[in-house]
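The sequence shown begins at 1 in the numbering used here and counts up one residue at a time.
Where is the CB? At the ideal position from N, CA and C, for every residue including glycine.
Values in this document were obtained by computation on a predicted structure and should not be read as measured data.
Take a look at the structure set out below.
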Amino acid sequence: MAKVVYLSYEKSEGLMNSLGLEVVTLTPQTDFQGIIRQLRQADVAVIFTSEEVFSDHQEIIETYNKEFEVTISILPNRLNHHHLAQKRLKQMTEEVLGVNIS
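Below, the structure is given as structure tokens:
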């Protein structure tokens, strides 16, 4: 069975653990692509990230999502909100519809 993990810079992600997600704690110096490769080899199919991790690695994440190798999405935690999930949803909707949403 495929696994689901949550990537965060925060060591305390009790909420994500209670949701059944395996939490992987990163540092800004972590080899992000190396972690993604390891997770794929471990049969992880869905990866959620905190907004901070998504912000730091957005280009890499978008590349993986386009290739359908693994699904990586934002799942905001209770800390450090940047409303990136809302902005990303707006961007994806605009791409699909071909119009700008104000």
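| query | result |
| --- | --- |
| Given valine 24 as reference, the closest of Ala45, Asp31 and Tyr9 once Cα atoms are compared | Tyr9 |
| Nearest-angstrom beta carbon gap, leucine 26 and valine 5 [assumed within contact, 8 Å] | That belief does not hold up - the Cβ atoms of valine 5 and leucine 26 are roughly 11 Å apart, past 8 Å. |
| Cβ pair serine 50, leucine 15 closer than 8 Å | no |
| Selection from Ile36, Glu69 and Ser73 that minimises the alpha carbon distance to phenylalanine 129 | A query on residue 129 cannot be resolved here, the shown segment of the chain reaching from 1 to 102 and no further. |
| Beta-carbon spacing of lysine 3, alanine 42 below 8 Å | yes |
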